[in-house]
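For the sequence shown, position 114 (counting from the first letter as 1) is numbered 1468 according to the numbering used here, and the numbering increases by one without interruption.
We put the CB at the ideal spot given by N, CA and C, even for glycine.
Here the structure is laid out as C-alpha cells; the discussion comes afterwards.
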Amino acid sequence: MLIRRSFKESMKAGFSLVELVAYMAIVAILAAVLVPNITKYYKNAKKSTTQQNLMGIKNAIEQYYGNTSRYPETLRDLIRTPMDESVARKWDGPYLTSKNDELPEDGWGREFVYHQGEPGSGKAYDLYSLGENGEGSSEAEWIRP
C-alpha cells in the first residue's frame, strides 16, 4: 500500500535549511567553548602526573641515599641492585615499583632526566622532565619536583 503525501505535508516532516544552519551554528559555538577547556584539562592532568611521578622518584632517591650513603648513578639503580659491590650490600630496594623494570615516565610518555651532581656544585643530583614539547630548550620549560 502506497501512501501519498502532498508537498506541503512532506515539508512539515523535515527540517528547513534555516533550522539546519541554526543547529550547525549552535554545535560550532559549543565546540568552540568546550575544546579549549578540554585541552586545558588534559594539559593540567599531564603536568600533575609528571609532578606526582617526580615526587615519587625524588622520595625513592632519598631512600636509596639513606640506605647506601650515596646517590644512584642512574634511575635504574632504584629498581635493580647496583653492580658496585659496596653499594649492593647496603641496597634495600627496589625503591620504585615497576612493571618489567620500566621506569616511571612523565605525563607525555617520556623518561625523566637524572644526573648526579658534580662535586663542589652544591647539588646532590638533578631530576626533571623536559616538559610538554620534550625539547627542554630552556630550563624554564623543565618540570622539577
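Taken through DSSP and simplified to helix, strand or coil, E1416 comes out as helix. In this structure T1451 is exposed. Its beta-carbon is surrounded by fewer than 16 other beta-carbon atoms within 10 angstroms. Counting C-beta atoms within 10 angstroms of its own C-beta, A1399 has fewer than 16 neighbours from the protein chains shown and is therefore classed as exposed.
Here S1423 is exposed: its Cβ has fewer than 16 other Cβ atoms, across all protein chains shown, within 10 Å.
Y1377 sits exposed, since fewer than 16 C-beta atoms from the chains shown fall within 10 Å of its C-beta. Linking N1407 to D1460 through their CA atoms gives a straight-line distance of about 7 Å. Separation of the CB atoms of E1486 and W1462 is rounded to 6 Å, and the pair is thereby assigned contact status at 8 Å. If you draw a straight line from the Cα of F1466 to the Cα of D1480, it comes to about 10 Å.
Shown here, E1439 sits in a helix according to DSSP, grouped into three states.
In the structure shown, the three-state DSSP call for Y1425 is coil. P1458 is the residue among I1383, E1472, P1458, A1478 whose C-alpha sits nearest the C-alpha of T1404.
Restricting attention to G1476, N1454, G1447, V1372, the CA atom closest to the CA of E1416 is found in G1447. Annotation for D1480: the continuous beta strand (DSSP E) segment containing it runs 1479–1482. Per DSSP, reduced to three states, the secondary structure at E1373 is helical.
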